[in-house]
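Engineer:
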Amino acid sequence: MIKNYIENANFEDTGFAYTLSLISGKHKMVILYCLMEFETVRFNELKRYLKTISDKTLSMNLK
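Residues in the sequence shown are numbered from 1 upward in steps of one, following the UniProt record's numbering.
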């Protein structure tokens, strides 16, 4: 019975799907974690935490 509900569920137009679309990506969860844990974090500090990220990618993810 539960399986039937899951198969028929349409998540595309829900707040859940919108939230997932905002936080999906390689670095976004780590960025959010750093901002939550350390509160005020400068750009270069974030870059040091995320060792493999470029300036451009970090800037785009912060916008």
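Ideal placement from N, C-alpha and C gives every residue a C-beta, glycine not left out.
Keep in mind it's a predicted model, so treat the numbers as computed, not measured.
Please classify I23 as buried or exposed, where buried requires at least 16 neighbouring CB atoms within 10 angstroms.
Structural biologist: So I23 ends up on the exposed side.
Engineer: Please list the segments of the beta strand (DSSP E) lying wholly inside the UniProt domain "HTH hxlR-type" (14-63), counting only runs of 3 or more residues, in order along the chain.
Structural biologist: Here no run is fully enclosed.
Engineer: Please name the residue in T19, K26, G15 whose C-alpha comes closest to that of M60.
Structural biologist: Per the Cα distances, K26.
Engineer: Short check: CB of C34 to CB of Y49, under 7 Å?
Structural biologist: Yes, the Cβ-Cβ distance between C34 and Y49 is below 7 Å.
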